[in-house]
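Protein chains in written order, with our numbering: chain X, -16 to 478; chain P, 592 to 679.
Taking it in order: structure first as structure tokens, then the write-up.
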């Protein structure tokens, strides 16, 4: 048995399995492998998790609270949605197992419930997603109840952004993300698992086989199996061993959140959130741990992974938390600024499976619910690593082509709707004589011209479209990817 | 393949003209004129970038994918020549 401190200092030369990445996906997988006594496991990842998504997560255990009109519209989206539903059932057992390893002094499950509010500031996108959520709750037979928004503990918005409707979801709470990660590390430290507080510079191959990883200081760890779970950085790391392999492109979805201490007024006792909103997951507050509250909302697809954030995002989160959640937020004491990069794939679906290099496995692309799905995915990946049948649909394999869920026309409509939602929520001003339809036309023309310019026939989600039309690097990555794909398809079989 | 500075400039100028439709609308523009002031938008810049790369068979470095690179025929030509040298 090792102690935690010793575990971090050990620099092994060899392991059966190296997991690159110490976020939720990497640590839950390590935990699952240890439970199964699947061999020696080494997890490599920087202890500060700089710019990682897991350490910045609000960790809402929400699948129905996250519902949008897209969630159940196609078979592929439904399969993805049901991953979340299945993952949800794991959490009571997960928190019970990890609680004894937690050192935060507060329960890991910070709240067992959510309230979703429908206010008028988020445009019609809020309304249709709110309705889609209720429809999905009924379809899956999950409990919910309409509630007077004034009865939600802690919820005291400005009157002009007050909600007129709200639902109570008694089974969708949240965990303390940073507490869960620490508890997982503590638990692993009491096993033979080695946690290496460094980064992997490159994957090392020999012909058609992965043979290990090289750390940032040149130290080599030999391993026959390597799992890449480094979130938004995964694609770049995979390229170090598979330069010519074209997986579905991935972009960092930079999110900003604040942990703040309440100085007065009634505490939030549940997650309080809006429905999913323009390009993002909706404004939300998560109570805890202790007397802290977590405020989150932003999502901005960016060219490169970083832990900086835009002043516009700071302003957005602070102002709208005060307006839409609780006026008293103005005097909260911010104790921590959090910035993390979600792994966002071009088609919005995860990348989970073996890569075309023997022994190399990819586990990423989970966008905004990697934390929530981690225990379920750990079971699936552990099975695959052990040569057993997987437990989730094989559609997420990284060797796939982008999954299609919409037409170009649908993509343009969605883009317009998301931009209108952003327009109204951020209080943008138009000339008084300008109508909403005219604003919509502006965005519609932008999207039409974008598709004409890019010359692609794959329909993008609104967030990817927004990013690519505003970033030369993003546009080039998207355009060149589809050109390579078309060339590969044009080649005769066996060429 | 060696391409003279003049012919690269002329080829870039022709592509810019085609993408921004300048001459057709009666605009005259020189090598150093600011294309953003002449009506280039982020979308037309995106199309121009892709065409420039395809025509000259270069990949502009990531740090060159910014507003300033596409400010004028001269700045685009410089970026193309720099990328061509790297390729050579």
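Idealized CB from N, CA, C, for every residue including glycine.
Keep in mind that this is a model prediction, so the values were computed, not measured.
Chain X within 8 angstroms of residue i, Cβ atoms only
{"i": "residue 601/P", "result": "no"}
{"i": "residue 626/P", "result": "no"}
{"i": "residue 666/P", "result": "no"}
{"i": "residue 670/P", "result": "no"}
Beta carbon of residue i nearer than 8 angstroms to that of residue j
{"i": "residue 219/X", "j": "residue 317/X", "result": "no"}
{"i": "residue 328/X", "j": "residue 334/X", "result": "yes"}
{"i": "residue 445/X", "j": "residue 324/X", "result": "no"}
{"i": "residue 85/X", "j": "residue 91/X", "result": "yes"}
{"i": "residue 212/X", "j": "residue 66/X", "result": "no"}
{"i": "residue 362/X", "j": "residue 15/X", "result": "yes"}
{"i": "residue 94/X", "j": "residue 272/X", "result": "no"}
{"i": "residue 649/P", "j": "residue 671/P", "result": "yes"}
{"i": "residue -4/X", "j": "residue 22/X", "result": "no"}
{"i": "residue 292/X", "j": "residue 251/X", "result": "no"}
{"i": "residue 338/X", "j": "residue 138/X", "result": "no"}
{"i": "residue 608/P", "j": "residue 663/P", "result": "no"}
{"i": "residue 642/P", "j": "residue 616/P", "result": "no"}
{"i": "residue 639/P", "j": "residue 629/P", "result": "no"}
{"i": "residue 256/X", "j": "residue 224/X", "result": "no"}
{"i": "residue 62/X", "j": "residue 112/X", "result": "no"}
{"i": "residue 395/X", "j": "residue 440/X", "result": "no"}
{"i": "residue 13/X", "j": "residue 164/X", "result": "no"}
{"i": "residue 404/X", "j": "residue 298/X", "result": "no"}
{"i": "residue 221/X", "j": "residue 208/X", "result": "no"}
Chain-ordered neighbours of residue i on chain X, where CB pairs are closer than 9 angstroms
{"i": "residue 631/P", "result": "Going along chain X, no residue has its Cβ under 9 angstroms from residue 631/P, so there is no contact; the nearest lies around 12 angstroms."}
Below-8 angstroms beta-carbon distance, residue i vs any chain P residue
{"i": "residue -11/X", "result": "Bear in mind that the predicted position of residue -11/X carries a pLDDT of just 42, short of 50, making it too unreliable to give a figure here."}
{"i": "residue 471/X", "result": "no"}
{"i": "residue 478/X", "result": "For residue 478/X, the predicted model reports a pLDDT of 47, less than 50, meaning its position is unreliable; a value from the coordinates is still stated below. Not one chain P Cβ lies under 8 angstroms of residue 478/X."}
{"i": "residue 459/X", "result": "yes"}
{"i": "residue 101/X", "result": "no"}
{"i": "residue 233/X", "result": "no"}
{"i": "residue 405/X", "result": "no"}
{"i": "residue 248/X", "result": "no"}
{"i": "residue 305/X", "result": "no"}
{"i": "residue -15/X", "result": "Because residue -15/X sits at a pLDDT of 41, beneath the cut-off of 50, its placement in the model cannot be relied upon, and the following sentence gives the value as read from the coordinates. Cβ-Cβ to chain P under 8 angstroms: no for residue -15/X."}
Closer than 8 angstroms at the beta carbon, the chain P residues around residue i
{"i": "residue 432/X", "result": "634"}
{"i": "residue 462/X", "result": "641"}
{"i": "residue 429/X", "result": "634"}
Proximal residues of chain X, C-beta to C-beta of residue i below 8 angstroms
{"i": "residue 611/P", "result": "In chain order: nothing, as chain X lies at least about 13 angstroms away."}
{"i": "residue 653/P", "result": "286 and 456"}
Listed by chain order, chain X residues near residue i by CB distance under 7 angstroms
{"i": "residue 606/P", "result": "Within chain X, no residue comes near residue 606/P; the closest Cβ sits about 14 angstroms away, beyond 7 angstroms."}
{"i": "residue 638/P", "result": "436"}
Proximal residues of chain P, C-beta to C-beta of residue i below 7 angstroms
{"i": "residue 453/X", "result": "633"}
Residues that residue i bridges to, as DSSP identifies them
{"i": "residue 2/X", "result": "26/X and 210/X"}
{"i": "residue 177/X", "result": "25/X"}
{"i": "residue -3/X", "result": "205/X"}
{"i": "residue 283/X", "result": "237/X"}
{"i": "residue 133/X", "result": "The partner list for residue 133/X (beta bridge, DSSP) is empty, contrary to what the question assumes."}
{"i": "residue 276/X", "result": "243/X and 270/X"}
{"i": "residue 102/X", "result": "146/X"}
{"i": "residue 256/X", "result": "99/X and 267/X"}
{"i": "residue 128/X", "result": "151/X"}
{"i": "residue 185/X", "result": "197/X"}
{"i": "residue 479/X", "result": "Look at the range of chain X in this structure, -16 to 478, and you will see that residue 479/X is not part of it."}
Cutoff 8 angstroms: residue i Cβ touching any chain C Cβ
{"i": "residue 657/P", "result": "The question asks about chain C, but that chain is absent: this structure's protein chains are X and P."}
Curious, which full-length alpha helix (DSSP H) runs of at least 4 residues does the segment 13 to 92 of chain X contain? 58 to 71 and 74 to 81
Segments assigned alpha helix (DSSP H), at least 4 residues, entirely inside the segment 399 to 466 of chain X: 419 to 437 and 445 to 453
What are the uninterrupted segments assigned as beta strand (DSSP E) that are 3 or more residues long and contained completely in the segment 140 to 175 of chain X, given in chain order? 146 to 152
Please specify which runs of the alpha helix (DSSP H), each continuous and at least 4 residues long, are wholly inside the segment 187 to 251 of chain X, giving them in chain order. 217 to 222
Quick check for students: name the residue ranges of the alpha helix (DSSP H) that lie wholly in the segment 310 to 378 of chain X, counting only runs of 4 or more. 353 to 368
Would you list, in sequence order, the uninterrupted beta strand (DSSP E) runs of no fewer than 3 residues that lie entirely inside the segment 641 to 672 of chain P? none
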